[in-house]
Amino acid sequence: MLIDLDLAKVLDSEPSGARHRTGTMQFIAIEVLRKKDHTYRHDLESFFYVLLWMCAHQAWSNGFAGKEIPAKYSRLRKWEIGRFEDIADAKRGQMAVDGLQDIMEEFPEALDVVKPVCLKIRNTLFPYNKDMTMSVGTPIGDPDQLYNPIIAALEEAISKL
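Take 1 as the starting number for the sequence shown in the UniProt record's numbering and just add one per residue.
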């Protein structure tokens, strides 16, 4: 399943100038929700949200859960409802290490194998700065500094299947 690729950002293109945000609310990057210009990093963040959503939410109805019962309330519910700023705040809090651990507790046991790759992607997209604040922005420099570790994490997970 892929989402909104018609809205994906070309690496060297200028901002679109669009005055509105489109996309599936659950998958929109934090900075895009906060009206920042869309970059390639936001596409990577959106794909990460799709992975988390599929594991914590959709997997329960796709036969991955066996006899397990899903939680009555999903933390991902905060990604669906509210003002853009509130959703951005919820996502930012949940992308901290402890917040992501809470989300991954919603995965069926069969998807425990996906948790290490989620942590690696999280560490790549949301690193902590020297002042211990979590970065949600696009780093200056070569986009491969984000692409390469994410691709490596995915390839490593695939090799273990």
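Even for Gly, the Cβ is constructed at its ideal location relative to N, Cα and C. Note that the structure is a prediction, hence the values are computed from the model and not measured.
Taking C-beta separations shorter than 7 Å and ignoring five residues to either side along the sequence, the partners of Tyr49 in its chain run Gln26, Phe27, following chain order.
DSSP assignment within the segment 47-89 yields no whole beta strand (DSSP E) run of 3 residues or more. Straight-line measurement puts the Cα of Tyr73 at about 34 Å from the Cα of Asp131. Counting the other Cβ atoms within 10 Å of the Cβ of Ser46 gives 16 or more, which makes it buried.
Met95 sits in a helix when the DSSP states are folded into three classes. By alpha-carbon distance to Ala29, the top candidate from Ile151, Phe126, Gln58, Glu106 is Phe126. Here the segment 141-157 makes contact with the segment 109-123; the two share three or more CB pairs at distances below 8 Å. The DSSP-derived three-state label of Met132 is coil.
Using a 10 angstroms sphere on the CB of Glu106, the tally of other CB atoms reaches 16 or more, which defines it as buried.
Here the C-alpha atom of Pro108 lies approximately 7 Å from the C-alpha atom of Trp60. Below 8 Å, too few C-beta pairs join the segment 31-40 and the segment 53-71 to call them touching: fewer than three.
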